[in-house]
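Student: Protein chains in written order, with the numbering used here: chain P, 1 to 238; chain S, 1 to 238. All C-beta atoms in this analysis are idealised placements derived from N, C-alpha and C, irrespective of residue type, glycine included.
Protein chains: 2
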Amino acid sequence: MPWLTHTAKNDVVAQICDRIWLAVVQRTLRPGARLKEEELAEIFGVTRARVRQALVLLEQDGLVSLVPNRGACIAEPSVEEAQDAFSARLLIEQRLVARLCARVTDAQLDQLRDHIARERSAHEMGDSEAVIRLSGEFHMLIARMTEAELLFKILRTLTIRTSLITAMYQTQATQTCGPDEHARILAAIAARDEARACAEMTHHLNHLESALRLSESDRPVSELREALLGAGQRAKTG
Amino acid sequence: MPWLTHTAKNDVVAQICDRIWLAVVQRTLRPGARLKEEELAEIFGVTRARVRQALVLLEQDGLVSLVPNRGACIAEPSVEEAQDAFSARLLIEQRLVARLCARVTDAQLDQLRDHIARERSAHEMGDSEAVIRLSGEFHMLIARMTEAELLFKILRTLTIRTSLITAMYQTQATQTCGPDEHARILAAIAARDEARACAEMTHHLNHLESALRLSESDRPVSELREALLGAGQRAKTG
DNA sequence: TTCAGCCAAATTGTTGACAATTTTGTGCAC
DNA sequence: GTGCACAAAATTGTCAACAATTTGGCTGAA
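Here's what the structure looks like:
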């Protein structure tokens, strides 16, 4: 079910990746959390070798940072990295949505409509896990429909990155983007209006980013320095 | 020295990756070539585990295809995949070069000039290995200078892909792009002319792609079917 | 008290042997 | 001679024990 899955098969390693990713976006696993191989191995009922493979894959996706001889932990993307990720994602998704406008079929439009309906349903039922999953899946669905395999792959890793970033920098205000903006994107695609679709996608991603604490003024106290120097010092450095 | 290197450290695995990549771009290892783990392990004087790690990384970069229980071989990107790769690379590099125009320093310009000089030198001396390496490095240098870490990473894997594609589909006519087009790109960057820099980069990449046998009419006879049916049959199928 | 040095515990990295799978080769029936 | 079944070889996948590295605490001297 999860869309993150690396290989299509019933791969144990891919399942481990998915579970870790899910724990991160659900904020069960906080950024910086230590990931001990043996512990994970026991949790998932596999050997350490499998866990190790999963960690390597997750590092490639930027979800965990892997330091030689010192183990793995959930990555802590900086504000700059966060902005980079959104910037890259915008570039890719603009291209994807434009491309889809030119080639989308009616069947695909129905599929997208169906997906948004499911998003709405999950939203109303308050199933936050489904909301998160489906929300990401919408973007991946568009990517897959464009049949640009490479951009699809790139977007997959970028989505993983932004998932982590969202989990890390999110405010109480906006947990996830509602399905409404997705609907607007879909409408533009259905109208085969490239410019509008691009604009809606841009708006959507900018909205997503702006709902995070990425400004200088109110960063989260995740960084040790900031946290320990306290508010008094921050005025000086800023 | 090689710019492909995955991790900055003196990582044995990264070296294996580089050696394999180099063998591919030098056409010593042809697409489709079988990569037996034990064989590689013996060649590089390492254990199979290391080779395995390298193969996983190379698969992520699209240089080798890895089939469960059936081993690894040099990937054989289809024409569609080749076009996708160039298309994606164009998208990324346009962005990168535009971004660099806005932030390039004089020192960086000197560095680029110096690089092109080395390209020229290698070109004149007929050192084809250096030409290939430096040619790729020029693009990576631009990417690094923009300080967009993510786009840099993405471009790295795209460059690996296009290296393979070039090796696979290249004609006798153009082995590699000469340093002249790089010089034109640099000139546009030096003039801080975003539009022109983009255009030059676009021209350069299109030139690179158009020098390959990517058209329907004359595909390489890499596929077994094509190769063994012979020219007589090809007329029928085409 | 403080800090360098050192030892012990915990954790990661590596290896080689073993299991599972696929491929290749052989023989038998038809 | 052809096709199928079965066995043997080659190759990949997995594992658990062992080695190397780091971390934290302890001791003892300045």
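May I have the straight-line CA-CA distance separating serine 121 of chain P from isoleucine 132 of chain P, to the nearest angstrom?
Tutor: Within the first sequence, residue 121 of chain P is the residue found at index 121, counting from 1. Within the first sequence, residue 132 of chain P is the residue found at index 132, counting from 1. Spanning the two alpha carbons is a distance of roughly 13 Å.
Student: If you measure from the beta carbon of valine 56 of chain S to each beta carbon in chain P, is any gap under 8 Å?
Tutor: By one-based count along the second sequence, residue 56 of chain S stands at place 56. It does; some Cβ of chain P falls within 8 Å.
Student: Does the beta-carbon distance from leucine 155 of chain P to methionine 140 of chain P come in below 8 Å?
Tutor: One-based indexing of the first sequence puts residue 155 of chain P at position 155. One-based indexing of the first sequence puts residue 140 of chain P at position 140. Yes, these two residues count as a Cβ contact at 8 Å.
Student: Kindly say whether alanine 148 of chain P, judged by its beta-carbon, lies nearer than 8 Å to any beta-carbon of chain S.
Tutor: For the purposes of this step, residue 148 of chain P is taken as residue 148 along the first sequence, with counting starting at 1. It does; some Cβ of chain S falls within 8 Å.
Student: Which stretch, first to last residue, makes up the alpha helix (DSSP H) that contains alanine 197 of chain P?
Tutor: On the first sequence, residue 197 of chain P is found 197 positions in, with the first residue counted as 1. Run containing alanine 197 of chain P: 194–210, per the alpha helix (DSSP H) assignment.
Student: Please classify glutamine 233 of chain P as buried or exposed, where buried requires at least 16 neighbouring CB atoms within 10 angstroms.
Tutor: For the purposes of this step, residue 233 of chain P is taken as residue 233 along the first sequence, with counting starting at 1. Any reading at glutamine 233 of chain P must be qualified, since the residue scores a pLDDT of 44, below 50, and its modelled position is unreliable; no value is offered.
Student: Tell me which residues share the same chain as alanine 167 of chain P and place their Cβ nearer than 7 Å to its Cβ, disregarding the 5 neighbours each side in the sequence.
Tutor: Stepping through the first sequence from its first residue, residue 167 of chain P is reached at position 167. Excluding sequence neighbours, alanine 167 of chain P sits near Val24, Val25 and Arg27.
Student: Any Cβ of chain S within less than 8 Å of the Cβ of leucine 96 of chain P?
Tutor: The residue given as residue 96 of chain P occupies position 96 in the first sequence. No, leucine 96 of chain P does not count as interfacial toward chain S.
Student: In chain S, what lies closer than 9 Å to alanine 195 of chain P by C-beta?
Tutor: To locate residue 195 of chain P, count along the first sequence from 1; it is residue 195. Chain S residues near alanine 195 of chain P: none, gap ~17 Å exceeds 9 Å.
Student: Using C-beta distances below 8 Å, list every residue in its chain close to leucine 212 of chain S, excluding the 5 sequence neighbours before and after it, in chain order.
Tutor: If you number the second sequence from 1, residue 212 of chain S lands on position 212. Hits under 8 Å: Ala82, Ile165, Thr166, Tyr169, Gln170 and Thr171.
Student: Hey, leucine 158 of chain P and alanine 85 of chain P are a contact pair by Cβ (cut 8 Å); roughly how many whole angstroms apart?
Tutor: Your numbering for residue 158 of chain P matches position 158 in the first sequence. Your numbering for residue 85 of chain P matches position 85 in the first sequence. 6 Å between Cβ atoms; contact.
Student: What is the residue span of the alpha helix (DSSP H) that serine 87 of chain S lies within?
Tutor: Here residue 87 of chain S refers to the residue found at position 87 of the second sequence. It spans 79–103 - the alpha helix (DSSP H) in which serine 87 of chain S sits, taken as one unbroken run.
Student: Is DSSP giving glycine 230 of chain S helix, strand or coil here?
Tutor: By 1-based counting over the second sequence, the position of residue 230 of chain S is 230. Residue confidence is low: glycine 230 of chain S scores 46 on pLDDT, short of 50, so the model does not pin down where it sits. Its coordinate-derived value is still stated next. Glycine 230 of chain S: helix per DSSP, three-state reduction.
Student: For cysteine 73 of chain P, write down the residues that DSSP places opposite it in a beta bridge.
Tutor: Against the first sequence, residue 73 of chain P aligns to sequence position 73. Beta-bridge pairing links cysteine 73 of chain P to P:Arg34 and P:Ser65.
Student: Counting only the same chain and skipping the five closest in sequence on each side, list residues whose C-beta sits under 7 Å from that of leucine 214 of chain S.
Tutor: If you number the second sequence from 1, residue 214 of chain S lands on position 214. These residues qualify, in order along the chain: Val79, Ala82, Gln83 and Tyr169.
Student: What do you reckon, are the CB atoms on methionine 201 of chain P and glutamine 60 of chain P nearer than 8 Å?
Tutor: Walking along the first sequence from the start, residue 201 of chain P turns up at place 201. Walking along the first sequence from the start, residue 60 of chain P turns up at place 60. No, the pair does not count as a contact, with Cβ atoms beyond the cut-off.
Student: Distance cutoff 8 Å, beta carbons only. Does alanine 8 of chain P sit that close to anything in chain S?
Tutor: Position 8 of the first sequence, counted from the start, is the residue given in the question as residue 8 of chain P. Any reading at alanine 8 of chain P must be qualified, since the residue scores a pLDDT of 42, below 50, and its modelled position is unreliable; no value is offered.
Student: Along the region 11–22 of chain P, where does the CB come closer than 9 Å to a CB of chain S? Name the residues.
Tutor: From the region 11–22 of chain P, only Asp11 have a Cβ closer than 9 Å to chain S.
Student: Do arginine 161 of chain P and glycine 62 of chain P count as a contact pair if the criterion is CB distance below 8 Å?
Tutor: Numbered from 1 along the first sequence, position 62 holds the residue referred to as residue 62 of chain P. Numbered from 1 along the first sequence, position 161 holds the residue referred to as residue 161 of chain P. Going by C-beta atoms, glycine 62 of chain P is nearer than 8 Å to arginine 161 of chain P.
Student: At the level of alpha carbons, what is the spacing between alanine 49 of chain S and glutamate 209 of chain S?
Tutor: Position 49 of the second sequence, counting from 1, holds the residue named residue 49 of chain S. Position 209 of the second sequence, counting from 1, holds the residue named residue 209 of chain S. Their Cα atoms are separated by approximately 37 Å.
Student: Opposite glutamine 170 of chain S in the DSSP bridges: which residues?
Tutor: Reading the second sequence from its first residue, position 170 is the one you call residue 170 of chain S. Bridge partners of glutamine 170 of chain S: S:Leu212.
Student: Please go through the same chain and pick out, in chain order, the residues whose beta-carbon is closer than 7 Å to the beta-carbon of arginine 184 of chain P, but skip the five residues on each side of it.
Tutor: For this step, residue 184 of chain P is matched to residue 184 along the first sequence. Counting only Cβ-Cβ distances below 7 Å, and skipping sequence neighbours, we find Glu200.
Student: State buried or exposed for threonine 146 of chain S, treating a residue as buried only when at least 16 other CB atoms are found within 10 Å of its CB.
Tutor: Here residue 146 of chain S refers to the residue found at position 146 of the second sequence. It counts as buried.
Student: Do we get a CB-CB distance below 8 Å when we pair alanine 88 of chain S with the residues of chain P?
Tutor: By one-based count along the second sequence, residue 88 of chain S stands at place 88. With 8 Å as the cut-off, alanine 88 of chain S counts as an interface residue toward chain P.
Student: Could you tell me if histidine 203 of chain P is buried or exposed, where buried requires 16 or more neighbouring beta carbons within 10 angstroms of its beta carbon?
Tutor: Here residue 203 of chain P refers to the residue found at position 203 when the first sequence is read from its first residue. It is exposed - the Cβ of histidine 203 of chain P has fewer than 16 other Cβ atoms within 10 Å.
Student: Chain S beta carbons: is any one of them nearer than 8 Å to that of alanine 235 of chain P?
Tutor: Translated into positions along the first sequence, residue 235 of chain P becomes position 235. Confidence at alanine 235 of chain P is low in this model, with a pLDDT of 39, below 50, so the placement of that residue is unreliable and no value is reported for it.
Student: To be precise: take each residue of the region 130–161 of chain P, compare its Cβ to all Cβ atoms of chain S, and keep it if any distance is under 7 Å. Which residues remain?
Tutor: From the region 130–161 of chain P, only Ala148, Glu149, Leu150, Leu151 and Ile154 have a Cβ closer than 7 Å to chain S.
Student: From valine 12 of chain P to glutamate 124 of chain S, what does the alpha carbon distance come to, in whole angstroms?
Tutor: The residue given as residue 12 of chain P occupies position 12 in the first sequence. The residue given as residue 124 of chain S occupies position 124 in the second sequence. Approximately 52 Å between the Cα atoms of the pair.
Student: Grouping DSSP H, G and I as helix and E and B as strand, with all else coil, what is glutamine 108 of chain S?
Tutor: To locate residue 108 of chain S, count along the second sequence from 1; it is residue 108. Helix at glutamine 108 of chain S.
Student: Under 8 Å, Cβ to Cβ, is there at least one residue of chain P near glutamate 76 of chain S?
Tutor: Taking the first residue of the second sequence as 1, we reach residue 76 of chain S at position 76. No, because no Cβ of chain P sits closer than 8 Å to the Cβ of glutamate 76 of chain S.
Student: Taking alanine 72 of chain S as the reference, give the member of S:Gly45, S:Leu96, S:Leu40 and S:Ala102 with the closest Cα.
Tutor: As a working note, residue 72 of chain S is residue 72 in the second sequence. Ranking the options by Cα distance to alanine 72 of chain S, first place goes to S:Leu40.
Student: May I have the straight-line CA-CA distance separating alanine 98 of chain S from alanine 197 of chain S, to the nearest angstrom?
Tutor: Counted from its first residue, the second sequence places residue 98 of chain S at position 98. Counted from its first residue, the second sequence places residue 197 of chain S at position 197. If you take the alpha carbons of alanine 98 of chain S and alanine 197 of chain S, they lie about 7 Å apart.
Student: Do cysteine 17 of chain P and leucine 66 of chain P come within 8 Å of each other at the CB atom, strictly closer than that value?
Tutor: Here residue 66 of chain P corresponds to residue number 66 of the first sequence, with the count starting at 1. Here residue 17 of chain P corresponds to residue number 17 of the first sequence, with the count starting at 1. No, the Cβ-Cβ distance between leucine 66 of chain P and cysteine 17 of chain P is not below 8 Å.
Student: I'd like to know whether the C-beta atoms of isoleucine 92 of chain P and leucine 29 of chain P end up nearer to each other than 8 Å.
Tutor: Within the first sequence, residue 92 of chain P is the residue found at index 92, counting from 1. Within the first sequence, residue 29 of chain P is the residue found at index 29, counting from 1. No, the Cβ-Cβ distance between isoleucine 92 of chain P and leucine 29 of chain P is not below 8 Å.
Student: Does glutamine 26 of chain S get closer than 8 Å to chain P when you measure Cβ to Cβ?
Tutor: Walking along the second sequence from the start, residue 26 of chain S turns up at place 26. No, its Cβ sits nowhere closer than 8 Å to a Cβ of chain P.
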